[in-house]
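Sequence order for the protein chains is C and L.
Position 99 of the first sequence, counting from 1, maps to 131 under our numbering, and the rest follow consecutively.
Position 63 of the second sequence, counting from 1, maps to 95 under our numbering, and the rest follow consecutively.
Idealized CB from N, CA, C, for every residue including glycine.
Written below as structure tokens is the structure these notes are about.
2 protein chains.
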Amino acid sequence: MSKPDPKPKMSRETLLPLLAVHVIEHGLGGASLRPLAKAAGTSDRMLIYHFGDKETLVRDLLEYISNVYSAALDMAVGSDRPKTRQECFARILALGRGPQMQPFMTLWWEIVAGSARGLPGYKDAAEAMMAKQLLWLEGQMPEDDPDPAGGARYLMTLMEGTLMLGTVGHARMAREGLLASGLADHTRDD
Amino acid sequence: MSKPDPKPKMSRETLLPLLAVHVIEHGLGGASLRPLAKAAGTSDRMLIYHFGDKETLVRDLLEYISNVYSAALDMAVGSDRPKTRQECFARILALGRGPQMQPFMTLWWEIVAGSARGLPGYKDAAEAMMAKQLLWLEGQMPEDDPDPAGGARYLMTLMEGTLMLGTVGHARMAREGLLASGLADHTRDD
DNA sequence: CCCATTATGTAGCGACTGCTACACACGCCT
DNA sequence: AGGCGTGTGTAGCAGTCGCTACATAATGGG
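Structure below.
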């Protein structure tokens with residue numbers, strides 16, 4: 033007989049990744065203790081035991097997810113730098129629209145909404161993720177760009193607007209706006 | 033003795049505005065029937081009676097709010113057209129950042145999040161509101177603009193990105209990006 | 001006037017919420 | 001060996017969720 037699970041003694045650290053995959057799939061707002069616990073192979077009882085209460089669980093989870101996001105960005109640095117801002121913009125846009133990124137984007141808008149509502153922990157996570165992404169984008173700007181810092185901020189703003197319009201079903205509108213901006217977007221996905 | 037409330041016989045139409053103010057204040061995600069009913073001066077029992085179930089209530093409510101938003105935009109058309117894209121952009125940005133607009137923006141991000149999650153009714157409302165706002169912005173573009181349609185889409189994208197960065201605490205980053213874009217933003221509020 | 005439709009109040013259902021009380025099994029230190 | 005802190009399971013609490021059954025008022029048409 034196989035004995036695959038000899039109770040491997042869980043902790044905050046071993047729990048967080050399991051909780052994160054459930055949250056990325058099913059969202060954060062409607063997440064309640066018992067489904068979360070089942071996804072992590074425990075009970076609601078133990079989640080409260082490890083985290084104290086749900087609020088700190090959510091806070092820790094958001095912080096963890098934010099760190100995972102940072103690590104994922106570090107993985108995604110291309111060895112070659114893009115030649116133009118257009119190319120740079122196309123890359124980050126493709127990154128945010130990749131199919132494997134979709135569940136995370138869904139969670140991202142929930143984080144933005146929670147941040148706007150002032151829910152505890154949300155704004156910190158959102159700030160950290162945006163800061164990290166800005167840093168990453170600065171490193172991805174063309175080498176000969178006259179203003180890499182300002183340019184990165186400009187591209188970030190434009191990208192977030194583009195992604196948002198995409199999620200509410202106005203990808204076409206965003207694409208036509210980018211055409212008018214000079215940062216043409218030669219992809220099509222709406 | 034005063035008899036202020038002689039039971040004025042409610043209906044979907046009289047209920048919706050009352051529900052809307054509660055939702056704009058307290059959000060849509062955590063809204064449950066009993067608080068909603070109390071805000072509208074009824075009981076959960078009657079909300080179900082009038083709307084059938086909660087899902088259609090939310091759907092109708094979102095549609096109503098979207099219409100209110102359209103009407104508010106119609107009210108906000110200035111008699112004079114801006115001279116430049118910069119001026120135009122500054123106007124719509126000021127509109128979205130006005131203090132009386134804040135509760136609505138908070139709700140807006142919830143709608144975006146629900147739209148991304150595929151919640152019933154959310155995407156329709158978001159699409160309608162964005163379409164309306166685009167139409168409104170097209171009418172506000174400078175008369176001599178070489179490409180009013182494309183320019184409006186571009187400004188929309190940029191504005192939504194700017195507003196989002198603002199709500200997650202990166203208004204400074206958005207402002208510096210706008211400076212680099214040429215569409216300078218001479219306000220300061222972060 | 002009577003009756004049928006419409007509108008409303010009361011009470012409650014079963015499911016779920018975050019959280020806790022209690023018991024109990026471990027491994028470690030003296 | 002004996003205690004003792006750490007981890008875990010079971011059971012349950014009070015509260016909320018969306019929704020419904022049942023009874024009752026109001027109202028208007030024949």
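Evaluate L/Tyr81 with the Cβ neighbour count: other Cβ atoms within 10 Å of its Cβ, from every protein chain shown; 16 or more gives buried, anything less gives exposed. exposed
Could you give the first and the last residue of the continuous alpha helix (DSSP H) run that contains C/Ser98? Note, C/Ser98: alpha helix (DSSP H), Lys86 to Met107.
C/Pro49: beta carbon under 6 Å from a heavy atom of the ligand FAD? The model on display carries no ligand, and the ligand FAD is accordingly not part of it.
My guess is that L/Ala223 and C/Gly209 are in contact by the Cβ rule of under 8 Å, so how many angstroms apart are they, rounded? Because chain L here runs from 33 to 222, residue 223 of chain L falls outside it and cannot be looked at.
Taking a contact to mean a Cβ-Cβ separation below 7 Å, would you say C/Tyr96 touches C/Ala52 in this structure? yes
Beta-carbon spacing of C/Gly59, L/Arg149 below 7 Å: yes
Mind checking if L/Tyr101 is an interface residue toward chain C, Cβ cutoff 7 Å exclusive? no
Quick one: list the residues of chain L neighbouring C/Thr199, beta-carbon separation under 7 Å, in chain order. Val144, Ser147 and Ala148
Among C/Leu139, C/Gly153, C/Pro131 and C/Val144, which residue has its Cα nearest to the Cα of C/Glu87? C/Gly153
Would you say L/Met33 reaches chain C, if we count a Cβ-Cβ gap shorter than 7 Å as a contact? Bear in mind that the predicted position of L/Met33 carries a pLDDT of just 43, short of 50, making it too unreliable to give a figure here.
Reduced DSSP category for C/Glu175 - H, G, I as helix; E, B as strand; rest coil: Looking at C/Glu175 - three-state DSSP - the assignment turns out to be coil, as it is neither helix nor strand.
Can you name the start and end residues of the alpha helix (DSSP H) that L/Ser147 belongs to? Start and end: Gln134 to Arg149.
Quick one: which chain L residues come within Cβ less than 7 Å of C/Met173? Simply none; closest approach about 11 Å.
Going straight from the alpha carbon of C/Gln165 to that of C/Glu159, what length do you get? 10 Å
From what residue to what residue does the alpha helix (DSSP H) around L/Pro67 run? Leu65 to Ala72
Taking the beta carbon of C/Pro49 as the centre, do at least 16 other beta carbons fall within 10 Å, making it buried, or is it exposed? exposed
Say whether chain L places a C-beta atom closer than 7 Å to the C-beta of C/Ala160. no
Using 8 Å as the cut-off, can you tell me whether the stretch 183-198 of chain L makes contact with the stretch 124-135 of chain L, which would need three or more C-beta pairs spanning the two stretches below that distance? yes
Put L/Leu167 into one of helix, strand or coil per three-state DSSP. helix
Span of the alpha helix (DSSP H) around L/Thr223: What is shown of chain L runs 33 to 222, which leaves residue 223 of chain L out entirely.
Put L/His54 into one of helix, strand or coil per three-state DSSP. helix
Rounded separation between C/Asp244 and C/Trp168 - CA only: Absent from the structure is residue 244 of chain C, since the part of chain C shown begins at 33 and ends at 222.
I'd like to check one pair, C/Met205 with L/Arg185: are the Cβ atoms closer than 7 Å? yes
CA-CA distance, L/Pro36 and L/Ser98? Because L/Pro36 sits at a pLDDT of 47, beneath the cut-off of 50, its placement in the model cannot be relied upon, and the point is left open.
Quick one: grab the DSSP three-state call for C/Asp156. helix
If C/Trp141 sits next to L/Val144, beta carbons under 8 Å apart, how far is it from one beta carbon to the other, in whole angstroms? 5 Å
Cβ atoms of C/Gly62 and L/Lys155: under 7 Å apart, would you say? Result no, Cβ atoms of L/Lys155 and C/Gly62 do not sit closer than 7 Å.
What does L/Thr194 reach in chain C if we use C-beta pairs closer than 8 Å? Thr189 and Gly193
L/Gly198 burial status per 10 Å Cβ neighbour count (16 or more: buried): buried
Span separating the alpha-carbon of L/Gly214 from that of C/Ala157: 30 Å
Could you confirm whether any beta carbon from chain L is found closer than 7 Å to the beta carbon of C/Trp168? By the rule that beta-carbons nearer than 7 Å mark a contact, C/Trp168 does not touch chain L.
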